[in-house]
Amino acid sequence: MAVPEGVDEAAIRQRLLNEYNIEIAGGLGAFKGRAWRIGLMGYSCRRENATLLLSALAHLLEGAV
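Residue numbers (the numbering used here): 6 to 70.
And the structure:
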């Protein structure tokens with residue numbers, strides 16, 4: 006997932022972990038600081054987990070942009 010322009014991607018990832026207990030990874034190589042890597046496999050791919058992630062990201066990004 007591409008990080009919106011002007012957003013501190015590491016700060017959003019830290020808040021996701023601290024406030025929602027959701028861990029996502031930052032981009033690697035050329036995508037460092039510009040992308041999030043979100044794993045939605047196994048238990049994580051349950052509808053309620055995906056919905057929580059999207060809702061949490063929306064909430065955190067509202068104040069970040």
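From the three backbone atoms N, C-alpha and C, an ideal C-beta is built for every residue, glycine too.
As far as DSSP is concerned, R39 takes part in no beta bridge. Rounded to whole angstroms, the separation of the alpha carbons of G47 and A16 is 26 Å. Judged by pairs of C-beta atoms under 8 Å, the segment 48-56 does not touch the segment 8-15, as fewer than three such pairs exist. Residue environment: L21 is assigned as buried (16 or more neighbouring CB atoms within 10 Å of its CB, all protein chains considered). With contacts defined by Cβ atoms closer than 9 Å, A69 and P9 form a contacting pair. In this structure, the beta-carbon distance from I43 to A30 falls below 9 Å.
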